[in-house]
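Since the structure comes first, as structure tokens, the remarks are kept for the end.
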Amino acid sequence: MDASLDTNVIIHLYRAGFQDVLFRRFEKLFAYEFIRTQELATHAGPDILELFDKDVESEKIVLVTNEYLRNIGMCSIFQSHVNELRILFDGGDLGEVYAISVAKTLGCISLVTDDIKERGPHYTLMRTPDSEVMPFAFYELLFLDYLEEKINNDEILECFSQINSLSELSWDCSSKLKSFIRRFWSSPYSDSEKAWMKEFCSEGHINAKTRLKELRDFLE
Amino acid sequence: MNKSRRLFIEKLAEYVRDECNVTDYGFQNIFEAAEKIGYRMIRYPIGNDAFLGFALIKESERIVFSNSSVILSREIFSVAHEIGHHKLHLSEMEKTIIKDDDFSDRDENEIEANYFAACLLMPLEKVNKFIRLELNEKSADKFNGLDVARIQTMFNISYDMVLVRLKALNIISTSKYEELIAEKMMNTATKLLNAINGNLDLCKPSEAKKIPAEYLEWVISNYNEKLIPKKSLEIALSYVDLNADDFEETMEESPKEENFDDLFRGMD
Chain Y
25 MDASLDTNVI IHLYRAGFQD VLFRRFEKLF AYEFIRTQEL ATHAGPDILE
75 LFDKDVESEK IVLVTNEYLR NIGMCSIFQS HVNELRILFD GGDLGEVYAI
125 SVAKTLGCIS LVTDDIKERG PHYTLMRTPD SEVMPFAFYE LLFLDYLEEK
175 INNDEILECF SQINSLSELS WDCSSKLKSF IRRFWSSPYS DSEKAWMKEF
225 CSEGHINAKT RLKELRDFLE
Chain W
31 MNKSRRLFIE KLAEYVRDEC NVTDYGFQNI FEAAEKIGYR MIRYPIGNDA
81 FLGFALIKES ERIVFSNSSV ILSREIFSVA HEIGHHKLHL SEMEKTIIKD
131 DDFSDRDENE IEANYFAACL LMPLEKVNKF IRLELNEKSA DKFNGLDVAR
181 IQTMFNISYD MVLVRLKALN IISTSKYEEL IAEKMMNTAT KLLNAINGNL
231 DLCKPSEAKK IPAEYLEWVI SNYNEKLIPK KSLEIALSYV DLNADDFEET
281 MEESPKEENF DDLFRGMD
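Structure, rendered in structure tokens:
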């Protein structure tokens with residue numbers, strides 16, 4: 025599974041040193057050059073920039089430039105996605121518009137973004153019928169890792185708390201776990217997301233209910 | 031365009047007139063008729079020098095756009111021409127858009143869309159009927175500018191188009207065509223229409239801003255469902271001179287926080 029990255033999630037994960045969450049979940053990761061040259065350059069410190077650039081250099085992340093899009097003949101398709109999405113997200117920043125456009129242009133199933141506020145990309149994409157792109161916030165990637173037993177109770181809480189506290193997010197792990205259950209099982213916004221999770225659990229031989237109950241007990 | 035293609039287009043135009051229930055000589059309101067037969071009709075004044083219209087298929091929706099900055103009779107022709115493109119040249123699997131900067135016969139598709147529009151707006155039988163019943167079988171070589179203005183008003187088209195069509199149908203000769211064009215130059219189409227109490231609106235741009243009501247409903251419901259920011263709502267509504275503040279956000283009660291036991295039950 026491939027993903028396009030939004031600025032905020034890069035900052036949150038790299039700041040806490042948990043960027044591996046991205047590398048173990050996705051086969052290919054893409055970030056549009058504007059996110060690196062404008063948004064990260066403004067909002068991320070030099071430490072984050074250095075680590076991010078190293079990951080680009082080692083090809084863990086593909087930096088999508090206009091030249092890259094031209095070379096693969098997708099420049100005009102990308103631009104038309106940008107034009108359409110700017111209408112939808114005109115109140116927000118350009119980074120999210122570019123991140124979603126990259127996902128749509130390159131056929132990535134996922135957008136990783138921590139912009140979960142109402143009218144933001146995570147909120148809107150999740151509720152868009154037949155959306156081609158599934159949004160994931162960092163905590164949802166952690167829950168997926170937890171379901172697959174890639175991380176245990178202590179590790180998920182440690183990771184969540186570190187990211188939360190270093191980026192001053194004030195998010196509550198139990199509350200996010202409830203949102204995760206609602207999204208994929210009890211009241212999904214789309215059948216396709218529910219089906220995606222069903223397949224995810226089936227392929228991984230995961231008993232999601234048992235596993236998430238265990239996490240609930242641990243968090244309580 | 032060969033004879034069989036011409037006949038095919040004529041039949042198609044006749045079918046569309048039937049579909050639109052046009053029983054008069056011309057379309058009373060081609061914009062409403064286009065919507066009635068399933069097109070999403072958008073009219074917007076984008077300037078007299080801008081393009082005239084386009085036909086588009088987007089996500090299964092068939093859209094007709096017309097520039098309302100041009101005079102109404104020309105805009106009516108634009109809509110008929112774009113319907114022609116939809117019927118003849120666009121499909122979801124192949125070409126999905128044709129934009130018209132002008133209606134010059136630059137290629138076969140344009141010739142066909144023009145022919146379709148002419149047949150749709152001014153079919154041969156209706157022209158003959160009009161000459162017989164309304165002009166009292168007046169001989170075409172005696173037509174004057176006022177007769178053309180009468181035809182123009184009844185068929186809701188431009189003076190020039192009436193002449194082009196009458197000539198194409200071999201009802202008037204080339205010399206008569208030129209004589210009537212010259213008469214228009216002297217008197218202007220507006221004066222001729224005025225003289226017969228005709229539809230003067232045909233000679234003025236309507237500057238209409240019309241979009242399908244559903245489009246507005248979608249943008250408002252997207253805003254109310256917190257999917258788009260207020261700025262996006264404001265921009266969308268401003269295109270049709272509406273104010274976002276007139277559409278108060280519907281306040282929904284925030285859902286009661288469920289407990290884990292309820293949520294886990296929902297996982298079964």
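Chains as they are written, first to last, in this note's numbering: chain Y, 25 to 244; chain W, 31 to 298.
By construction, the Cβ of each residue, glycine as well, lies at the ideal position given by its N, Cα and C atoms.
Quiz item: At a Cβ threshold of 7 angstroms, is I258/W touching chain Y?
Solution: For the purposes of this step, residue 258/W is taken as residue 228 along the second sequence, with counting starting at 1. Yes - at least one Cβ of chain Y is within 7 angstroms of the one on I258/W.
Quiz item: Assuming N186/W and L232/W make a contact with CB atoms under 8 angstroms, what is their CB distance in whole Å?
Solution: By one-based count along the second sequence, residue 186/W stands at place 156. By one-based count along the second sequence, residue 232/W stands at place 202. Yes, they are in contact, since the Cβ atoms of N186/W and L232/W sit about 7 angstroms apart, within 8 angstroms.
Quiz item: Using a Cβ cut-off of 7 angstroms, which residues of the stretch 41-72 of chain W contact any Cβ in chain Y, in chain order?
Solution: For the stretch 41-72 of chain W, which is checked against every Cβ of chain Y, not one residue is closer than 7 angstroms.
Exercise. Report all residues from its chain with a CB closer than 8 angstroms to the CB of V100/W; omit the five preceding and five following residues, and keep chain order.
Key: One-based indexing of the second sequence puts residue 100/W at position 70. Only N78, L82, S108, P235 meet the Cβ criterion.
Practice problem: Please state if the CB of H146/Y and the CB of S125/Y are separated by a distance shorter than 7 angstroms. | Solution: By one-based count along the first sequence, residue 125/Y stands at place 101. By one-based count along the first sequence, residue 146/Y stands at place 122. No, these two residues do not count as a Cβ contact at 7 angstroms.
Quiz item: Secondary structure at F54/Y, three-state DSSP: helix, strand or coil?
Solution: Translated into positions along the first sequence, residue 54/Y becomes position 30. In this structure, F54/Y counts as strand in the three-state DSSP scheme.
Exercise. Say whether chain Y places a C-beta atom closer than 7 angstroms to the C-beta of F290/W.
Key: Start at 1 with the first residue of the second sequence, and residue 290/W comes out as number 260. Judged by the 7 angstroms Cβ criterion, F290/W is in contact with chain Y.
Quiz item: Since R151/Y meets chain W, which of its residues come closer than 9 angstroms, beta carbon to beta carbon?
Solution: Numbered from 1 along the first sequence, position 127 holds the residue referred to as residue 151/Y. Going along chain W in sequence order, the residues near R151/Y (Cβ under 9 angstroms) are E255, K256, L257.
Exercise. Compare the beta carbon distance of F58/Y and Y122/Y with 7 angstroms and say whether it is the shorter of the two.
Key: In the first sequence, residue 58/Y corresponds to position 34, counting from 1. In the first sequence, residue 122/Y corresponds to position 98, counting from 1. Taking 7 angstroms as the Cβ cut-off, F58/Y and Y122/Y qualify as a contacting pair.
Exercise. Determine the closest residue to N273/W out of E255/W, V249/W, D292/W, E209/W, with distance taken between C-alpha atoms.
Key: Taking the first residue of the second sequence as 1, we reach residue 273/W at position 243. Out of E255/W, V249/W, D292/W, E209/W, the CA that lies nearest to the CA of N273/W is found in V249/W.
Quiz item: What residues are listed by DSSP as bridge partners for V86/Y?
Solution: Taking the first residue of the first sequence as 1, we reach residue 86/Y at position 62. According to DSSP, which records beta bridges pairwise, V86/Y is partnered with F54/Y.
Exercise. Can you grab the Cα-Cα spacing for the pair L3/Y / F208/Y, in whole Å?
Key: Since the first residue shown for chain Y is 25 and the last is 244, residue 3/Y is missing from the structure and cannot be characterised.
Quiz item: For the candidate residues D271/W, S262/W, F294/W, L151/W, whose alpha-carbon lies nearest to that of P75/W?
Solution: Here residue 75/W is taken as the residue at index 45 of the second sequence, counted from 1. Nearest Cα to P75/W within the set D271/W, S262/W, F294/W, L151/W: D271/W.
Quiz item: When the Cα atoms are used, what is the spatial distance from G228/Y to R49/Y?
Solution: Taking the first residue of the first sequence as 1, we reach residue 228/Y at position 204. Taking the first residue of the first sequence as 1, we reach residue 49/Y at position 25. Spanning the two alpha carbons is a distance of roughly 13 angstroms.
Exercise. Have a look at the DSSP bridge pairing and note the partners of Y269/W.
Key: Numbered from its first residue, the second sequence carries residue 269/W at position 239. Paired residue(s): none; Y269/W is not in a bridge.
Quiz prompt | Amino acids of chain Y, ordered along the chain, whose beta-carbon sits closer than 7 angstroms to that of L293/W | solution = Position 263 of the second sequence holds residue 293/W. When 7 angstroms is used as the limit between beta carbons, L293/W is near these residues of chain Y: K202, I205, R206, S210, in chain order.
Exercise. Look at the alpha carbon of D241/Y and the alpha carbon of W195/Y, and state the distance between them as a whole number of angstroms.
Key: The residue given as residue 241/Y occupies position 217 in the first sequence. The residue given as residue 195/Y occupies position 171 in the first sequence. Distance between the alpha carbons of D241/Y and W195/Y is about 18 angstroms.
Self-check item: Nearest-angstrom Cα separation, counted from P153/Y out to R110/Y
Solution: Taking the first sequence and counting its residues from 1, the one referred to as residue 110/Y is at position 86. Taking the first sequence and counting its residues from 1, the one referred to as residue 153/Y is at position 129. For R110/Y and P153/Y, the distance between alpha carbons rounds to 19 angstroms.
Exercise. Could you tell me which chain Y residues have their CB closer than 9 angstroms to the CB of G296/W, listed as they occur along the chain?
Key: Stepping through the second sequence from its first residue, residue 296/W is reached at position 266. Near G296/W (Cβ distances below 9 angstroms), the residues of chain Y are I205, R206, W209, S210, S211.
Practice problem: Anything in chain W within Cβ reach of T148/Y, meaning under 8 angstroms, just list it in chain order. | Solution: As a working note, residue 148/Y is residue 124 in the first sequence. Near T148/Y (Cβ distances below 8 angstroms), the residues of chain W are L257, I258.
Quiz item: For F299/W, which three-state DSSP category applies?
Solution: For chain W, the structure presents residues 31 to 298; residue 299/W sits outside this window and is missing.
Practice problem: Quick one: measure Cβ to Cβ for P242/W and R70/W, integer angstroms, because I've assumed they're closer than 8 angstroms. | Solution: Along the second sequence, read from residue 1 onward, the residue named residue 242/W stands at position 212. Along the second sequence, read from residue 1 onward, the residue named residue 70/W stands at position 40. Confirmed, about 5 angstroms.
Quiz item: Just by C-beta distance, which residues in the stretch 217-236 of chain Y are closer than 9 angstroms to chain B?
Solution: The structure shown has no chain B; the protein chains it does contain are Y and W.
Quiz prompt | Cut-off 6 angstroms between Cβ atoms - residues of its own chain near V136/Y, not counting five sequence neighbours on either side | solution = The residue you call residue 136/Y lines up with position 112 of the first sequence. Close CB contacts of V136/Y within its chain, under the 6 angstroms cut and outside five residues either way in sequence, are with A27, L29, V33, F160 (chain order).
Exercise. For E142/Y, return the contacting residues in chain W, with the cut-off set at a CB-CB distance below 7 angstroms.
Key: As a working mapping, residue 142/Y is identified with position 118 in the first sequence. Within chain W, K256 have C-beta atoms less than 7 angstroms from the C-beta of E142/Y, given in sequence order.
Exercise. Could you tell me the distance, in whole angstroms, from the CA atom of M123/W to the CA atom of I67/W?
Key: Within the second sequence, the letter at position 93 stands for residue 123/W. Within the second sequence, the letter at position 37 stands for residue 67/W. Rounded to whole angstroms, M123/W to I67/W spans 21 angstroms at the Cα level.
Quiz item: Around the C-beta of D298/W, are 16 or more other C-beta atoms found within 10 angstroms, so that it is buried, or is it exposed?
Solution: As a first step, residue 298/W must be located in the second sequence, where it is residue number 268. Under this definition D298/W is an exposed residue.
Quiz item: CB R195/W to CB A147/W, shorter than 7 angstroms?
Solution: By 1-based counting over the second sequence, the position of residue 195/W is 165. By 1-based counting over the second sequence, the position of residue 147/W is 117. Contact flag unset, no.
Exercise. Please look up how many angstroms separate the CB atoms of T204/W and K197/W, rounded, as I've assumed it's under 8 angstroms.
Key: Along the second sequence, read from residue 1 onward, the residue named residue 204/W stands at position 174. Along the second sequence, read from residue 1 onward, the residue named residue 197/W stands at position 167. T204/W to K197/W, Cβ: 7 angstroms. Contact.
Quiz prompt | Separation of L93/Y from L37/Y, as counted between CA atoms | solution = Working through the first sequence from its first residue, we reach residue 37/Y at position 13. Working through the first sequence from its first residue, we reach residue 93/Y at position 69. Their backbone Cα atoms lie some 27 angstroms apart in a straight line.
Practice problem: Return the Cβ separation of I133/Y and M25/Y in integer angstroms, given the expectation that the two are a contact with Cβ distance under 8 angstroms. | Solution: Mapped onto the first sequence, residue 133/Y falls at position 109. Mapped onto the first sequence, residue 25/Y falls at position 1. Between the beta-carbon of I133/Y and that of M25/Y there is about 5 angstroms, and that keeps the pair under the 8 angstroms contact cut.
Quiz item: Is the shortest distance between the beta-carbon of R20/Y and the beta-carbons of chain W less than 7 angstroms?
Solution: This structure cannot settle anything about residue 20/Y, because the visible part of chain Y is limited to 25 through 244.
Quiz item: When the Cα atoms are used, what is the spatial distance from F173/W to L165/W?
Solution: By one-based count along the second sequence, residue 173/W stands at place 143. By one-based count along the second sequence, residue 165/W stands at place 135. F173/W and L165/W: Cα-Cα distance of roughly 9 angstroms.
Quiz item: Considering only C-alpha positions, which residue in the set L257/W, M191/W, L118/W is nearest to E301/W?
Solution: The first residue shown for chain W is 31 and the last is 298, placing residue 301/W beyond what the model contains.
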